[in-house]
Structures are given as C-alpha cells and as structure tokens.
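Protein chains in written order, with this note's numbering: chain F, 593 to 788; chain V, 943 to 981.
Note that CB positions come from ideal geometry on N, CA and C, so glycine has one too.
As the structure is a computational prediction, the values presented were derived from the model and not from experiment.
First comes the structure, then the notes that go with it.
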Amino acid sequence: MEVERLYRHWEIELDWAPFFLDPSIPPEGRPRQPQAPGSPETPVEARGKRLGLDFRRGRTFTPHTILSLQAGEFARNHGTTQQVLDYHRALFRAYFTDFENLMDVDVLARHADTVGLDGAALRQALADGTYAGDTTEAIEHAYAIGVQAIPTFIMDEQYAVVGAQEYETLERVMEQLHAKRREVPLPDPHAPPPDE
Amino acid sequence: MGYAGAPSGHPRWEMAMTNPPADEERTGPLRVTVVSDFI
Numbered sequence: 593m594e595v596e597r598l599y600r601h602w603e604i605e606l607d608w609a610p611f612f613l614d615p616s617i618p619p620e621g622r623p624r625q626p627q628a629p630g631s632p633e634t635p636v637e638a639r640g641k642r643l644g645l646d647f648r649r650g651r652t653f654t655p656h657t658i659l660s661l662q663a664g665e666f667a668r669n670h671g672t673t674q675q676v677l678d679y680h681r682a683l684f685r686a687y688f689t690d691f692e693n694l695m696d697v698d699v700l701a702r703h704a705d706t707v708g709l710d711g712a713a714l715r716q717a718l719a720d721g722t723y724a725g726d727t728t729e730a731i732e733h734a735y736a737i738g739v740q741a742i743p744t745f746i747m748d749e750q751y752a753v754v755g756a757q758e759y760e761t762l763e764r765v766m767e768q769l770h771a772k773r774r775e776v777p778l779p780d781p782h783a784p785p786p787d788e
Numbered sequence: 943m944g945y946a947g948a949p950s951g952h953p954r955w956e957m958a959m960t961n962p963p964a965d966e967e968r969t970g971p972l973r974v975t976v977v978s979d980f981i
C-alpha cells in the first residue's frame, strides 16, 4: 500500500483512526448485490488495484465494522507500526479477496495472530469492550471535522489528503511539509527474497 | 487538500484549514494519521 511505501522511505510517524464509510449499515450487517461480472471497474476496485489488493467480485454481504475497527484500535495500542500495517492489510484482504466476515471475532483474532499480535488478548478486549469508547469517540470526531472519504491522510494534525492518492502525490506532500527522506529506506518485510 | 472548521482539543488528531507551512527546518518526524474503514 502507498502508506507502507511512504513509511519505508520517509521519516514519518504513522497512526490510524477509525471511520464508518457507510453509517447506514445495520449492526447485523447487510446483504449486498454482488458486482456483475463484466461490468465496468468501480472506484473501489480501482482503489484496490492501486493498493495491490485483489478486490474480487461476488461479495454478497457488507459487515458492520465496529468490531474490526475496535480490533484496529487494539493493534494500534499493542503492535508495532509494521504489525498495524500488516493487520490492516490482512483485514482488507480477508474482506475484499477472501470474502471473510469481519464481524466474526474468530476472523479478527486469527489475523491478529498471523501478524504477531495476541489474538487471545484481542478476543478478550473485544468481549470486554476495552476499545469501544475510544473507537466510537474517534469515529464521531471524524464526522465532526468533515471526513467523508477513505482513506483520509492527516498530516501533522493540520493537513488532510483525501482519497487513495498516487504514491507520487503523497511524496509531493511530504516535500511540501518538509518531511525528511530516510537516508536508508526501511526494508520491505514482504519483498520476495533476492535471487541467490 | 484541506478541510475547514476543524474543532480543536481532540487528544489524538484534528484537521484544520490548509495553511502553507513556513519554509523552516523540521525538527521531528511528520505525523501521518490514516483515517480508514475496512470496507
């Protein structure tokens, strides 16, 4: 994803904030009409391509995301930056590619374990509602300040870049805001091993 | 780029109007908050 690449190449501190893209989704989730094969590419699919994710067609359900957003808060509180990046990528892939149900605690915990977070602790936090208040507060704040699209990148708590921008656009913003390029980029943990 | 009317005082993050930053030396890393959903 662009933000991962940005993190590897620029001296930035990454943080995450939750948002309800569609607040009309009921707590039990909502059936959806799958995208017809052969129909034109949607903006969401185009965004997926840019993120390196396969937004597969055929999903028939849209989950309510409060639990997954709370899981994201858990990751943010307990994981390294790379683990949070990995967890977000895992949940995107679970939903868009593998059609897993993000309302299922088993799914959220399994992916937490996969990226090195404590899935059992996540289960407990979700059961206890440990991050429910913070998550709801942050979502309400996002609405209050006018966030309408995702992703929205907020720079230095002052500047907003809206939408899945091209990487080059984000680099221009880095330059505009006087961020520093890392002298040595961080290694990409997902890069294929070099040829022997 | 930029939103107007951001309230202040939130403990984690906020947005404000786009004011071009002064051309000065940055002393710390740029903070980037990604607001997102999983769907």
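Excluding the 5 residues preceding and the 5 following residue i in the sequence, name in chain order all residues of the same chain whose CB lies nearer than 8 Å to its CB.
i	result
D710/F	H670, A704
I731/F	P610, F611, F612, L661
P629/F	R649
How would you call residue i, buried or exposed, if buried means at least 16 neighbouring beta carbons within 10 angstroms?
i	result
H782/F	exposed
A752/F	buried
V739/F	buried
L664/F	In the sequence as presented, Leu is not what sits at residue 664/F; that position holds Gly. With 16 or more Cβ atoms within 10 Å of its Cβ, G664/F is classed as buried.
L598/F	buried
D646/F	exposed
P743/F	buried
V707/F	buried
V974/V	buried
P655/F	buried
A736/F	exposed
D780/F	exposed
R773/F	exposed
R622/F	exposed
R624/F	exposed
A771/F	buried
T727/F	buried
Tell me which same chain residues have a C-beta within less than 6 Å of the C-beta of residue i, skipping the five on either side of it?
i	result
L677/F	E596
I746/F	A752
Nearest-angstrom Cα distance between residue i and residue j?
i	j	result
G970/V	P615/F	36 Å
F719/F	E603/F	Checking the sequence shown, residue 719/F turns out to be Ala, not Phe. In a straight line, the C-alpha of A719/F is about 36 Å away from that of E603/F.
E692/F	V699/F	7 Å
A734/F	L769/F	22 Å
D690/F	R639/F	17 Å
V977/V	P786/F	34 Å
T722/F	S631/F	42 Å
E763/F	L778/F	16 Å
F688/F	L643/F	12 Å
R715/F	V697/F	7 Å
R681/F	R968/V	30 Å
L659/F	R702/F	14 Å
K641/F	G755/F	14 Å
V776/F	R600/F	9 Å
Give the interface partners of residue i over in chain V, defined as CB-CB distance under 8 Å, in chain order.
i	result
M766/F	L972
A734/F	V977
I604/F	P971, L972, R973, V974
P743/F	V976, V977, S978
Kindly list, in the order they appear in chain F, the residues whose Cβ is closer than 9 Å to that of residue i.
i	result
T969/V	Neighbours of T969/V on chain F: none; closest Cβ ~10 Å, over 9 Å.
I'd like the list of long-range same chain contacts for residue i, defined as Cβ closer than 7 Å, with 5 residues on each side in sequence excluded.
i	result
V636/F	F647
A741/F	V754, G755
Along chain V, in chain order, which residues have C-beta atoms closer than 7 Å to that of residue i?
i	result
L683/F	F980
V699/F	None at all; the shortest Cβ gap to chain V is about 11 Å.
- Are the segment 756 to 767 of chain F and the segment 593 to 611 of chain F touching, with three or more C-beta to C-beta distances below 8 Å? yes
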